């Protein structure tokens, strides 16, 4: 931060469905590019390591393990970046699969935050794959020998030790569309910035409503709100995306 200002960016890289290694390459390149421009916070879309539209591939253990492997590679390859980076992936914990946001900084995986509200209406059927977080969630999860105990939960805030004005809260797509978004609790707990990793599709009138929604949420929580949307390359017969990225500050 300089003089109380934080340079931040949302990024919607071109992704291929199920290609974790290829997607990780694009995420790494994009993160490095934004860091080179001075960004201190970079937000990527929901499930960006695998892509959002994997369908039943999410249930394959091979894809799940590959996503974790590539998450660790992204962390390692962006270790030289002086920025907090958020990326999305499916994460299996205690027999359940969670739609998860990972927070990275200088090669470390700081935290893993599962999506709270799982949409299961109209064109969305995430409950087919993902579980909502339960009260008995473990506080940490084992990823590998390199990351044996990573904080896990919906009530995690990331605070910059050197800049008390930067406290980051996380929510994922549908979380902000519900009557009581997790970002409200996060901001009541001290968050000044909210990162939303999203895969919000396009239908008539939705872009205008989405812009109003993010602007209003930023205003009511008195925070900076970054909303990173999926790229058009993830579009399928069910969903069309358009990289509608939004950054609002105090409304």
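Residue numbers (this note's numbering): 2 to 252.
The beta-carbon is built from N, C-alpha and C at its ideal position, and this holds for glycine as well.
What you are looking at is a predicted structure, and each value in this text was computed from that prediction instead of being measured.
With a threshold of 16 other CB atoms inside 10 Å of the CB of residue i, please say whether the residue is buried or exposed.
i           : result
residue 218 : buried
residue 102 : buried
residue 189 : exposed
residue 222 : buried
residue 99  : buried
residue 230 : buried
residue 204 : exposed
residue 172 : buried
Suppose you measure from the CA of residue i to the CA of residue j; what does that come to, to the nearest Å?
i           : j           : result
residue 182 : residue 176 : 5 Å
residue 212 : residue 234 : 22 Å
residue 145 : residue 41  : 27 Å
residue 239 : residue 31  : 27 Å
residue 130 : residue 39  : 37 Å
residue 165 : residue 3   : 13 Å
residue 50  : residue 187 : 25 Å
residue 158 : residue 198 : 15 Å
residue 19  : residue 154 : 25 Å
residue 112 : residue 194 : 16 Å
My output table needs one value for residue i: the three-state DSSP class, helix, strand or coil.
i           : result
residue 200 : coil
residue 227 : strand
residue 99  : strand
residue 11  : strand
residue 250 : strand
residue 93  : strand
residue 194 : strand
residue 87  : strand
residue 6   : strand
Nearest to residue i by alpha carbon, out of the options?
i           : options               : result
residue 243 : 200, 168 and 215      : 200
residue 206 : 245, 236, 227 and 190 : 245
residue 252 : 229, 224, 122 and 228 : 224
residue 121 : 113, 133, 115 and 112 : 133
residue 14  : 152, 26 and 78        : 26
residue 88  : 118, 60 and 46        : 46
residue 191 : 117, 156, 232 and 96  : 156
residue 137 : 55, 75 and 94         : 94
Practice task
Can you check the segment 105 to 191 for any beta strand (DSSP E) of at least 3 residues that lies completely inside it and give the ranges in chain order?
Solution key: 109 to 115, 159 to 161 and 164 to 173
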